[in-house]
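For the sequence shown, the working numbering begins at 25 and goes up steadily by one. Every residue gets a Cβ at the ideal spot worked out from N, C-alpha and C, and that includes glycine. Written out below as structure tokens is the structure these notes cover.
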Amino acid sequence: MRIELDNKQQPIQVIQITDTHLGDQPGEPLLGMDTDQSLGHVLDLIRKERKPADLMLATGDISNCGSVASYQRFHQLTQHLAPRALWLPGNHDSLPAMQQAMAGAEELNRCAEVGDWQIVMLDSTTPGEVGGNFSADELAFLRQTLQDSTASHVLICLHHHPVIIGCDWLDQQQVANADDFFAIIDEFDSVRGLLWGHIHQPIDQQRKGV
Numbered sequence: 025m026r027i028e029l030d031n032k033q034q035p036i037q038v039i040q041i042t043d044t045h046l047g048d049q050p051g052e053p054l055l056g057m058d059t060d061q062s063l064g065h066v067l068d069l070i071r072k073e074r075k076p077a078d079l080m081l082a083t084g085d086i087s088n089c090g091s092v093a094s095y096q097r098f099h100q101l102t103q104h105l106a107p108r109a110l111w112l113p114g115n116h117d118s119l120p121a122m123q124q125a126m127a128g129a130e131e132l133n134r135c136a137e138v139g140d141w142q143i144v145m146l147d148s149t150t151p152g153e154v155g156g157n158f159s160a161d162e163l164a165f166l167r168q169t170l171q172d173s174t175a176s177h178v179l180i181c182l183h184h185h186p187v188i189i190g191c192d193w194l195d196q197q198q199v200a201n202a203d204d205f206f207a208i209i210d211e212f213d214s215v216r217g218l219l220w221g222h223i224h225q226p227i228d229q230q231r232k233g234v
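This is the structure:
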């Protein structure tokens, strides 16, 4: 997928939305929290503070129950944020339900070219498991995509954290085969950034220039 920019001289503006944990119906509580209301607050803040965005990235746990209705509602609530969007699944999501809700939509594309950048959306989930792990097929997809890429820069998105973040219980859920993942991206100087969700907190690290 190719995303054309209105102004190619300006930095690419990206919005990340992650871990919205929407229920099947609006207002369903999660640990006492109305996640629709929480998302509404985030959307209000974006409207007030952001510049016009080129792309919205949804990095998993869009739904807490994996229902078709929750994905349809997320799309309705967020489609105004940017002219284009890409989604990937988290451990609470159901990829079949996501595909049913967004049948034929570009949101489920695995790759997009934006200016001099390529965005790669990876699936770090294992059915029935909370923690992250890349299947052999997913790692092969990543390697082939990077080999085929002609972009100057690559941003890789996933749900689970591939690095230690310093929180004991969350670090038990990091990508189990992160070493295999990093062995691949270390081969490609074009990889300039990684973006993930899952941990419900901000973190900013640098590893080998990425």
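Kindly indicate which three-state DSSP category residue i falls into: helix, strand or coil?
{"i": "Val138", "result": "strand"}
{"i": "Ile70", "result": "helix"}
{"i": "Gln123", "result": "helix"}
{"i": "Asp58", "result": "strand"}
{"i": "Ile86", "result": "coil"}
{"i": "His116", "result": "coil"}
For residue i, which residues of its own chain have a beta-carbon under 6 Å away from its beta-carbon, when the five flanking residues on both sides are left out?
{"i": "Ala125", "result": "Val92, Tyr95, Gln96"}
{"i": "Thr149", "result": "Pro113, Asn115"}
Could you pull the start and end residues of the beta strand (DSSP E) that residue i belongs to?
{"i": "Ala109", "result": "109-112"}
{"i": "Ala82", "result": "79-83"}
I'd like the list of long-range same chain contacts for residue i, defined as Cβ closer than 8 Å, with 5 residues on each side in sequence excluded.
{"i": "Val234", "result": "Ile209, Val215, Arg216, Gly217, Leu218"}
{"i": "Ile39", "result": "Ile70, Arg74, Ala77, Leu79, Met80, Leu81, Leu105, Ala106"}
Buried or exposed: which applies to residue i, given that a residue is buried once 16 or more other Cβ atoms fall within 10 Å of its Cβ?
{"i": "His104", "result": "exposed"}
{"i": "Ile188", "result": "exposed"}
{"i": "Val154", "result": "exposed"}
{"i": "Thr83", "result": "buried"}
{"i": "Asp78", "result": "buried"}
{"i": "Ala160", "result": "exposed"}
Enumerate in chain order the residues of its own chain whose CB-to-CB distance from residue i is below 7 Å, with the five nearest sequence positions on each side excluded.
{"i": "Ala121", "result": "Gly90, Ser91, Val92, Tyr95"}
{"i": "Ala175", "result": "Glu137, Asp140, Trp141, Gln142, Ser214"}
Need the endpoints of the alpha helix (DSSP H) that residue i sits in, please.
{"i": "Arg216", "result": "Where Arg216 is concerned, there is no enclosing alpha helix (DSSP H), although the beta strand (DSSP E) it sits in stretches over 215-219."}
{"i": "Val92", "result": "92-102"}
{"i": "Ile208", "result": "202-209"}
Could you tell me which residues DSSP pairs with residue i in its beta bridges?
{"i": "Gln40", "result": "Leu81"}
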